[in-house]
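Please read the structure below before turning to the comments.
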Amino acid sequence: MTLSAPSARAVDLRVESVDIVLDHVERCLQVELDRETVLRKRRSVGARTDRRTWIRIERRRLDKIGVQGWNGTECAARLEGIAQPVWRGCVVWRDADEPVMWRADETELLPGPPIGNAILSEDPRLQDSWWQAFNASLDALSAQETRRVATPDTITVTQALVTEAVRSVAPAHDLDTTIERWVPAHADLNWANMTAPTFSLFDWEDWGNAPRGLDAASLWGSSLAVPALVDRVWHERRHDFESRDGKLMTLFACSKILGPHAHPQDPRLEPARRMVERVVAELQAG
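Numbering-wise (my numbering), the sequence shown opens with residue -9 and increments by one.
Put into structure tokens, the structure is as follows:
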């Protein structure tokens, strides 16, 4: 009889005990974590240290790690011209009981608090200097080279994925979904991963090559409940949105909002539907 390999449990680190994991990180990195600053998310846990740094700990299933690994924060440390926390080091280990791995990355502290949740409901009223730093970092990122492939929501972005997403929101239209230009992208650009008043971009786990405009469209989707903010995002990244790839990425972002798990009270639903109609018309017009 052949024994099947154990499967990974569905774990939410917001409610799971992580004391053993925190103890392990302290021993390996020779650091003391401030337990009063522990920040829990579904897949990760973070905390300040006694040497004024931040440690982010992530749990990931082996089948979600993929060929390129999951060292996004480490690989992002070599990028130039981007405002991000300096990476100090890491420890990685395989779980003794389940087919999962743990990774703890140590970085400098952020220069300010995160702007808000991933999706905003109020305008953060960012200064022009913030937008200038934001644009400089995104432009610098797209100009660099990497062999990594972006994994938004831990799913590798491919031409097939783009085609499926576009057709899910425009099924009655025979659109050419071919991406012309792939460039490095953060791939998780939202308001929870940037700081203010000083701009800094963090959480680089999923970065890599992606269709041009992915980051701009992702932030646009996160801003859609705030008309003034979504207009500002569009204005600042207009060159991305007006490109053909950017239009396809806008439909890609809309597919996430309008998908099968959409909440009927989501204020972004109607603006996303209107945008789908507009972009489809623009693509058809050539």
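No residue lacks a Cβ here, since even glycine has one placed at the ideal position from N, Cα and C. No experiment lies behind these values; they were computed from the predicted model shown.
**Report entry** Cβ-Cβ separation, Val147 to Val139 (assumed contact under 8 Å), whole Å
**Finding:** Translated into the one-based positions of the sequence shown, residue 139 becomes position 149. Translated into the one-based positions of the sequence shown, residue 147 becomes position 157. About 7 Å separates the two Cβ atoms, so the contact holds.
Query raised in the report: Closest to Arg(-1) by CA distance: which of Ala271, Ala206, Val90 and Arg46 is it?
Result: Residue -1 sits at position 9 when you count from the first residue of the sequence shown. For Arg(-1), the nearest C-alpha among the options comes from Val90.
Report task. For Gln74, count neighbouring C-beta atoms within 10 Å of its own C-beta (all shown protein chains included) and say buried if the count is 16 or more, exposed if not. Result -> Locating residue 74 in the sequence shown gives position 84, where the first residue counts as 1. Classification of Gln74: buried, given that the 10 Å Cβ count is 16 or more.
Requested in this report: May I ask which residues mark the beginning and end of the beta strand (DSSP E) holding Ser34?
Outcome: Locating residue 34 in the sequence shown gives position 44, counting from the first residue. Ser34 to Arg38 is the span of the beta strand (DSSP E), which, as asked, contains Ser34.
**Report entry** Option nearest Gly203 by Cα separation, candidates Ser212, Ala175, Arg268 and His14
**Finding:** On the sequence shown, residue 203 is found 213 positions in, with the first residue counted as 1. Checking every option, the nearest Cα to that of Gly203 belongs to Ala175.
Query raised in the report: Once you ignore the five residues that flank Trp120 on each side, which residues in its own chain have a CB closer than 7 Å to its CB?
Result: The sequence position of residue 120 within the sequence shown is 130, counting from 1. For Trp120, the CB contacts under 7 Å within the same chain, skipping 5 residues up- and downstream, are Ala186, Pro187 and Phe189 in chain order.
Query raised in the report: Where do the N-terminal and C-terminal ends of the beta strand (DSSP E) with Met91 fall, by residue?
Result: Here residue 91 refers to the residue found at position 101 when the sequence shown is read from its first residue. If you look at Met91, you'll find it in the beta strand (DSSP E) that goes Val90 to Glu98.
Report task. Report yes if the CB atom of Glu96 is closer than 8 Å to the CB atom of Ile169, and no otherwise. Result -> For the purposes of this step, residue 96 is identified with residue 106 of the sequence shown, where counting begins at 1. For the purposes of this step, residue 169 is identified with residue 179 of the sequence shown, where counting begins at 1. Cβ distance not < 8 Å, so Glu96 and Ile169 don't count as in contact.
Query raised in the report: To the nearest angstrom, how far is it from the Cα of Val220 to the Cα of Arg234?
Result: Along the sequence shown, read from residue 1 onward, the residue named residue 220 stands at position 230. Along the sequence shown, read from residue 1 onward, the residue named residue 234 stands at position 244. Take the alpha-carbon of Val220 and the one of Arg234: they are about 19 Å apart.
Requested in this report: Take Thr136 as the anchor and find which of Gln117, Asp205 and Asn199 has the nearest alpha-carbon.
Outcome: Stepping through the sequence shown from its first residue, residue 136 is reached at position 146. Ranking the options by Cα distance to Thr136, first place goes to Asn199.
Query - Residue(s) in a DSSP beta bridge with Leu23 - result: To locate residue 23, count along the sequence shown from 1; it is residue 33. Thr39.
Query raised in the report: For Phe192, which residues from the same chain have a beta carbon less than 7 Å from its beta carbon, with the 5 sequence-adjacent residues on both sides left out?
Result: What you label residue 192 is simply residue 202 of the sequence shown in a count that begins at 1. The residues are Gln74, Pro75, Leu100 and Asn183.
Query raised in the report: Is Trp172 helix, strand or coil by DSSP?
Result: Counting from one through the sequence shown, the residue named residue 172 turns up at place 182. DSSP places Trp172 within a strand segment (E or B) once states are collapsed to three.
Query - CA-to-CA distance, Ser111 to Pro257, given in whole angstroms - result: On the sequence shown, position 267 is the one that residue 257 refers to. On the sequence shown, position 121 is the one that residue 111 refers to. In this structure, the straight-line span from the alpha carbon of Pro257 to that of Ser111 is close to 9 Å.
Query - Secondary structure of Leu191, DSSP reduced to three states - result: Your numbering for residue 191 matches position 201 in the sequence shown. When DSSP states are grouped into helix, strand and coil, Leu191 belongs to the strand group.
**Report entry** Three-state secondary structure (DSSP) of Thr(-8)
**Finding:** Looking up residue -8 in the sequence shown gives position 2. Any reading at Thr(-8) needs caution, since the residue's pLDDT is 45, under 50, leaving its predicted position unreliable; the model's value is listed next. If DSSP states are grouped into helix, strand and coil, Thr(-8) belongs with coil.
Query raised in the report: What residue does the alpha helix (DSSP H) around Ala155 start on, and which one ends it?
Result: Residue mapping note: residue 155 aligns to position 165 of the sequence shown, counting from 1. Per DSSP, the unbroken alpha helix (DSSP H) holding Ala155 starts and ends at Gln149 to Val159.
Query raised in the report: Which term fits Glu195, buried or exposed, when burial requires 16 or more other beta carbons within 10 angstroms of its beta carbon?
Result: Along the sequence shown, one-based indexing puts residue 195 at 205. With a 10 Å radius around the Cβ and a threshold of 16 neighbouring Cβ atoms, Glu195 comes out buried.
Query - Those runs of the beta strand (DSSP E) which lie wholly inside the region 194 to 249 and span at least 3 residues - result: If only uninterrupted beta strand (DSSP E) runs of at least 3 residues are considered, those enclosed by the region 194 to 249 are 198 to 201.
Query raised in the report: Would you call Glu6 buried or exposed, if buried means 16 or more other Cβ atoms sit within 10 Å of its Cβ?
Result: Locating residue 6 in the sequence shown gives position 16, where the first residue counts as 1. Under this definition Glu6 is an exposed residue.
Query raised in the report: Can you tell me whether DSSP reads Val15 as helix, strand or coil?
Result: Your numbering for residue 15 matches position 25 in the sequence shown. DSSP, read as helix, strand or coil, puts Val15 in helix.
Query raised in the report: Whose CA, out of Pro254, Gly236 and Val21, lies closest to the CA of Val269?
Result: The residue you call residue 269 lines up with position 279 of the sequence shown. The shortest CA-to-CA distance from Val269 to any of Pro254, Gly236 and Val21 is the one to Gly236.
Query raised in the report: Cβ of Pro201 within 8 Å of Cβ of Trp172?
Result: The residue you call residue 201 lines up with position 211 of the sequence shown. The residue you call residue 172 lines up with position 182 of the sequence shown. For Pro201 and Trp172, yes; Cβs fall inside 8 Å.
Requested in this report: Compare the C-alpha of Arg30 against each of His14, Arg42 and Asp9 and name the closest.
Outcome: Working through the sequence shown from its first residue, we reach residue 30 at position 40. Residue Asp9 is the option with its Cα nearest to Arg30.
Query raised in the report: For Val21, which of Cys65, Val266 and Thr43 has the nearest alpha-carbon?
Result: Position 31 of the sequence shown, counted from the first residue, corresponds to residue 21. It is Thr43 whose Cα lies nearest to the Cα of Val21.
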